[in-house]
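Here the sequence shown is numbered in my numbering, starting from 2 and rising by one per residue. C-beta: ideal position from N, C-alpha, C; glycine also. Remember, predicted model here, so these are calculated numbers, not experimental data.
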Amino acid sequence: MLEKRLFYLIIDQLPGHWAEGIYVNEEKKIPPVNVLDYHERGLIPHFSELIRTGIWVKRPWNRGVCKTGYGLKYLSTGTYDTRVDVGFFEYLKKRYEKIKVATFLTLPWGSKGYLYVPDYMVSLPPYYPDDLMWRNFIEPYLKDHSDWDVVCVYFPTNDQVLLCPSYQEKNAHPKTSKHAYMLYLDKLLGEIVKLLKCEGYWKDTIFVIASDHGYHLGCEVCYKEGAKTVNFVYDHIEPFDCYVWNFKENRKTEKYSGGPRRVTFIVSGGGLED
């Protein structure tokens, strides 16, 4: 085994920050869903615990193409170059043959140059639910393989939570709004960390959370796609460098939004040295 374990969690479409002064509910001063603002408001305690005890890149950006394939290419290889065909996890297994590397993902990201590993790989149908992936595959693996060295998990569901409100007070389902799913993700994260601690893994585990891209909200792109209010989550199509839209005056402002470029990066865990 390696001296330290690595648990690498990739969450699709999770912005790490947002343009300042933007609210989806002006009365309650509720911002668009993003890690920084939700952390500062105490809404995501499990994310916050990792932030407080780790290294938090407060405002990271996707400087390339804000699509899943390109974002995952960077998170898998450290480059946006699509010609690179050996990912980090495949490299690790080839470099250290005796270590145990496992990846859990959805199609097509088990391809070479992404999350492929010639060891233990669970490749599920596109958009397989995060919670089922965790409870049916990842959790049992961690309980049954105490000698694991590296685990990579790709959660896709957040990328499906769009064309919906960012925030609403009542939610019938975690996918009803971006806000509801963010709180649900935080609970899932809490389950993961709790298991790592209960199984005795936490003390030597480096825990990384990263995302590939963010999304459009309250900008010119949303307006062109039919949004009538700031409180509407759209996809992450081009142009990625968009600007805030004033819905009251029905005009584009000079304030940069760039929602698709705003990503997340946190390094934490019990194995992180002081």
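Below 8 Å between beta carbons: does that hold for leucine 218 and proline 33? yes
Hey, could you find the ends of the alpha helix (DSSP H) lysine 225 is sitting in? 221 to 225
Would you be able to state if there are at least three C-beta pairs under 8 Å between the segment 192 to 206 and the segment 221 to 230? no
Pop quiz: cysteine 220 and glycine 272 are said to be a contact at Cβ under 8 Å. What is the actual Cβ separation, rounded to whole angstroms? Between glycine 272 and cysteine 220 the Cβ distance is about 39 Å, and since that is not below 8 Å, they are no contact.
Let me know the secondary structure DSSP gives isoleucine 257 once reduced to three states. A quick correction: the sequence has tyrosine, not isoleucine, at residue 257. Tyrosine 257 falls in the strand class under three-state DSSP.
For cysteine 153, name the three-state secondary structure that DSSP assigns. strand
With H, G and I counted as helix, E and B as strand and the rest as coil, what does DSSP make of methionine 122? Of the three classes helix, strand and coil, the one that applies to methionine 122 here is strand, per DSSP.
Could you check whether aspartate 131 and phenylalanine 156 sit closer than 8 Å to each other, using their CB atoms as the reference points? yes
Run through DSSP, which three-state label would asparagine 137 get? helix
Can you look up serine 212 in the DSSP assignment and give me helix, strand or coil? In this structure, serine 212 counts as coil in the three-state DSSP scheme.
Cα-Cα, which of Lys101, Val102 and Met122 is closest to glycine 111? Met122
So, helix, strand or coil for phenylalanine 233, using DSSP? coil
Taking the alpha-carbon positions, what's the arginine 136 to valine 264 distance? 26 Å
Pairing CB atoms from the segment 147 to 162 with CB atoms from the segment 2 to 10, are three or more of them under 8 Å? yes
Can you round the beta-carbon distance between phenylalanine 233 and cysteine 223 to whole angstroms, since I take them to be within the 8 Å contact cut? Phenylalanine 233 to cysteine 223, Cβ: 6 Å. Contact.
Taking C-beta to C-beta, are tyrosine 115 and serine 77 nearer than 8 Å? yes
Over the uninterrupted beta strand (DSSP E) stretch that includes phenylalanine 266, give me the two end residues. 266 to 269
Using the Cα positions of histidine 47 and leucine 143, report the straight-line distance between them to the nearest angstrom. 20 Å
When the Cα atoms are used, what is the spatial distance from glutamate 239 to cysteine 199? 44 Å
For threonine 158, does the three-state DSSP call read helix, strand or coil? helix
Residues bridged to cysteine 243 by DSSP? According to DSSP, cysteine 243 bridges with nothing at all.
Just reading off the alpha helix (DSSP H) that tyrosine 185 is part of, what are its end residues? Secondary structure note for tyrosine 185: its alpha helix (DSSP H) is the uninterrupted segment 179 to 199.
Valine 87 burial status per 10 Å Cβ neighbour count (16 or more: buried): exposed
Closer than 7 Å to a non-hydrogen atom of the ligand GTP - does that hold for the CB of isoleucine 23? Judged by which ligands are present, the structure shown has none, so any question about the ligand GTP falls away.
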